[in-house]
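Residue numbers (the numbering used here): 1492 to 2148.
As structure tokens, the structure follows; a few thoughts come after it.
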Amino acid sequence: PLVSADNDGKLLMKGKEVKILIDDKPVEMDARQLQDLLESMPGSMIEKIEVLTTPPPQYANERGGVINIVTKKGKVGKSGRLNLNYGTRGEAGISASFSYRKNKIAFNTSAGYSYNRYRGESYSIRENVYADSSNFFRTDGNNFSINNRPNGRATLDYERNKRNSFNLTANVNSSDNEGESGTEYRNINRFDVLYRLSNRKVGSGFRAINPSASVSYTHKWKTPGEVLRVIGNIAFSSNRNTRDFYQRFLQPDGSFTGSDSTQRQYTRSNNQTLALRINYDKPLKDKKTMLNFGTTINRYRLHNELTTSFLKKPDSIMLVNDLLSNDFEFHQTVYTIRAALRYQFFQNFFTNIGIQQEYATTSFVIVGDSNQYPNKYYSTLPFANITRKWENGYSITASYKRSVQRPGMNNLNPSIDYSDPYNTRFGNPYLQPYYADNFDLGAGYWKKKFNVNASVGYNSLQHIYSALRTLTNDGKTITSWYNLSGRKEYEASVFGGVNIGKKLKLNTSGSYTYSVYSAHDQKVNRYRNGGSLHSSMNGNYQWSTIMNFTGNFTFNRFANPQGNVRNRLSMSMGVQRKFFNKNLSVSLNIVDPFSEQQNTNFIYAPNYNLESYSMSRSRNFRIAAAYTFKKKPKKKLPVKKKLPVPAKKLQGLPVKN
């Protein structure tokens, strides 16, 4: 419930970015690595997904909450699973898993490969407004890409005894992407007359490999609840991205002017993440108080090389453009220390209160630039909540937390992206983090056949950063990131479910957030107050023990400072049937049968208005099959105990019964 994805594929809860855990361990990766990992994970390896709106102290300052992905561990003995799928949109996949579990050891491994093709169309209409005139700029485009994603994962759990356990997890996933796109650019004056025309083709190739590993150790004392847990993470990523641009300039009637341009951007980047997390829970003798202490260290390093070149026609050679090339390193280190207390007034009535102190430092090392853009800052992040539950199923929770949102490389990267020559984009290395004070009040009612939860909240955000697009005198736009004065958010959400009989389950959720900007931003930047809506509904009908139906419907609407983004309704339906004593399952899924996924974006700036539209060919009829192989451990036969022989019998004397 309350979970959605934005246009970039980032997971959100009630419109806020979430922390991702896999088997209760945090995933310490940058945004691109995380997206590649989640997209490459076979659905068959997931047991369940837990949504934590009020997470434990070690994640209490995550602004959007926590999503924990629990993977399948396998049953005692040996088992394996083979999965195949094919979709009419242009997708195919195969994956296999094996698990072994006996006594103190559990081993799970999986590997897979997926192939996807994506097609899309787009257009944009921009009205440029000047002091004495106005004109229009229109683009029409299409795109096509092919993605190959091999992946592998292995986990080993070892329980030395009831108090000590270890876990080792290793992941590797790769992405091989090739794509091409074409765009036509048209300049139209205020009399609706075309006066400039060109078209551009872009070919791209992207390669990435992302290995990662984590190790954890858990120690439990004799006192129930006293636990020490240490988690270490390491992740690497190596990326290669090549983009070729060819643009032809045409007369208004479509004839070639004889002028064209050929350019290339080659980007090579390598990054690594090292993280350590320690958490300790200590119950006190009063059996009402639980202390929690923890610390984390997270170090991130990126080396990015961008080489831009253009074709020199007379000699037919590519020459490097030093002004549009760069070579830099980015370093970020974050230290945290935390103390928290949980106090139970009486059964089902408790409170959590704590504070986290954070120190972060970032810097750049840019070849040819002596400025390292250093940034160091301390953050004090308190949190508190109080919860009351009743035996009749009612509950109420009030919470407060202060969170920090640090800019990522997409926000900071000074590299100039001119894949659209009429809208250049680049990051802002001077960008500062922003803080948010979040107040929430929620109430719920839980019963076996029915549940409903509702909450209201208020968020005060200071010095937020956002992407702003400005118009230049030559009719082009520039997009970059800037810190703004602030924003107030008023939110409400509700989710619930109902079980109708023993076969039908229905769930629905929705959240609405209304953002209010400062008077300065509304007047100077023409910012608009607006609301974001996230909604979903899903159901499951268990026809029999071997057959079930599912359906899911979502609708989202995102607001931004200069306008909003509208999403069309997306839907999916599926049916699954099991055969051969439930070892073989076959499923058919239908995605967006009536309408493709579409986004319409509106921006209203001081000197231009923009409408942009994009459509992805998402309609898909997908069939999948999975077969499970099982080998149960042999049962040991009971050993017959020999009855003792009476001493008299041994001596040959009669024995009385």
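Beta carbons: idealized from backbone N, C-alpha and C, even for Gly.
Collapsed DSSP secondary structure at residue i in the structure displayed
{"i": "L2141", "result": "Annotation note: pLDDT 46 at L2141 (below 50); position unreliable, no value reported."}
{"i": "P1492", "result": "coil"}
{"i": "G1534", "result": "helix"}
{"i": "M1520", "result": "coil"}
{"i": "Q1863", "result": "coil"}
{"i": "Y1909", "result": "coil"}
{"i": "L1548", "result": "Residue identity check: residue 1548 is Pro in the sequence provided, not Leu. If DSSP states are grouped into helix, strand and coil, P1548 belongs with the helices."}
{"i": "N2148", "result": "For N2148, the pLDDT reaches just 43, beneath the cut-off of 50, and the residue's location in the model is therefore unreliable, leaving the point undetermined."}
{"i": "Q1953", "result": "strand"}
{"i": "Q1838", "result": "coil"}
{"i": "L2178", "result": "Nothing can be reported for residue 2178, as the shown portion of the chain is limited to 1492 through 2148."}
{"i": "L1525", "result": "helix"}
{"i": "D1813", "result": "helix"}
{"i": "G1506", "result": "coil"}
{"i": "F1874", "result": "strand"}
{"i": "I1511", "result": "strand"}
{"i": "K1996", "result": "strand"}
{"i": "F1682", "result": "coil"}
{"i": "G1581", "result": "coil"}
{"i": "P1715", "result": "coil"}
{"i": "N2058", "result": "strand"}
{"i": "R2019", "result": "coil"}
8 Å Cβ cutoff met for residue i and residue j
{"i": "N1690", "j": "G1673", "result": "yes"}
{"i": "K1569", "j": "K2122", "result": "yes"}
{"i": "Q2053", "j": "A2096", "result": "yes"}
{"i": "N1839", "j": "A1831", "result": "no"}
{"i": "Y1834", "j": "F1841", "result": "yes"}
{"i": "S1894", "j": "E2102", "result": "no"}
{"i": "N1559", "j": "L1512", "result": "yes"}
{"i": "N1701", "j": "Q1524", "result": "yes"}
{"i": "N2029", "j": "N2043", "result": "yes"}
{"i": "Y1737", "j": "K1692", "result": "yes"}
{"i": "S2027", "j": "T2004", "result": "no"}
{"i": "Y2099", "j": "N1619", "result": "yes"}
{"i": "S1910", "j": "R1739", "result": "no"}
{"i": "G1977", "j": "Q1953", "result": "yes"}
{"i": "A1704", "j": "I1725", "result": "yes"}
{"i": "R2110", "j": "R1580", "result": "yes"}
{"i": "S1971", "j": "G1918", "result": "yes"}
Boundaries of the alpha helix (DSSP H) in which residue i is found, first to last residue
{"i": "Q1923", "result": "Counting along the chain, Q1923 falls outside any alpha helix (DSSP H), and DSSP gives it neither H nor E."}
{"i": "Q2013", "result": "A2010 to V2015"}
{"i": "L1903", "result": "M1900 to L1903"}
Closer than 8 Å to chain D by CB, residue i
{"i": "L1502", "result": "Here chain D cannot be found, since the structure has a single protein chain."}
Integer Cβ distance of residue i from residue j, believed to fall under 8 Å
{"i": "G1845", "j": "P1548", "result": "5 Å"}
{"i": "R1640", "j": "S1695", "result": "With a Cβ gap of about 16 Å, R1640 and S1695 do not count as contacting."}
{"i": "D1928", "j": "L1975", "result": "About 17 Å; that fails the 8 Å criterion."}
{"i": "K1979", "j": "S1951", "result": "6 Å"}
{"i": "N2080", "j": "S2063", "result": "6 Å"}
{"i": "T1545", "j": "T1798", "result": "48 Å between Cβ atoms; not a contact."}
{"i": "Y1621", "j": "Y1913", "result": "Not quite, the Cβ-Cβ distance comes to about 16 Å (not below 8 Å), so this is no contact."}
Continuous beta strand (DSSP E) stretch holding residue i: start and end
{"i": "N1619", "result": "I1596 to V1620"}
{"i": "N2100", "result": "Y2099 to S2107"}
{"i": "F1736", "result": "V1718 to L1741"}
{"i": "F2040", "result": "M2038 to N2051"}
{"i": "T1562", "result": "V1557 to T1562"}
{"i": "R1698", "result": "L1685 to K1711"}
{"i": "P1774", "result": "F1747 to P1774"}
{"i": "L1797", "result": "T1780 to K1803"}
{"i": "E1452", "result": "The structure shown does not extend to residue 1452, since the chain is modelled only from 1492 to 2148, so the question has no answer here."}
{"i": "P1641", "result": "S1625 to N1652"}
{"i": "T1915", "result": "N1914 to R1916"}
**Asked** Can you find at least 3 beta carbon pairs, one from the segment 1939–1958 and one from the segment 1973–1991, that sit closer than 8 Å?
**Response** yes
**Request:** Count the C-beta pairs between the segment 1753–1764 and the segment 1722–1731 that are closer than 8 Å, then say yes if the count reaches three, no if not.
**Result:** Pairwise C-beta distances place the segment 1753–1764 in contact with the segment 1722–1731, as three or more of them are shorter than 8 Å.
**Request:** Decide if the segment 1963–1980 is in contact with the segment 1989–2000; the criterion is three or more beta carbon pairs, one per stretch, under 8 Å apart.
**Result:** no
**Request:** Please determine if the segment 1856–1864 and the segment 1804–1818 are in contact, where contact requires at least 3 C-beta pairs separated by less than 8 Å.
**Result:** yes
**Item:** the segment 1802–1816 in contact with the segment 1739–1750 per 3-pair CB rule at 8 Å
**Value:** Verdict: no, contact absent.
**Request:** May I ask you to verify whether the segment 1609–1623 touches the segment 1591–1600, counting CB pairs closer than 8 Å and requiring at least 3?
**Result:** no
**Asked** Quick one: any contact between the segment 1577–1592 and the segment 1557–1568, if contact means 3 or more CB pairs under 8 Å?
**Response** Short answer: they touch.
**Message:** I want to know whether the segment 1650–1666 touches the segment 1615–1633 - three or more CB-CB distances under 8 Å.
**Reply:** Touching, no, given that fewer than three Cβ pairs across the two stretches are closer than 8 Å.
**Asked** Looking at C-beta atoms only, is the number of pairs between the segment 1900–1910 and the segment 1882–1890 that lie closer than 8 Å three or more?
**Response** Segments in contact, no.
**Prompt:** Does the segment 2102–2120 touch the segment 2013–2026, meaning 3 or more C-beta pairs lie closer than 8 Å?
**Reply:** no
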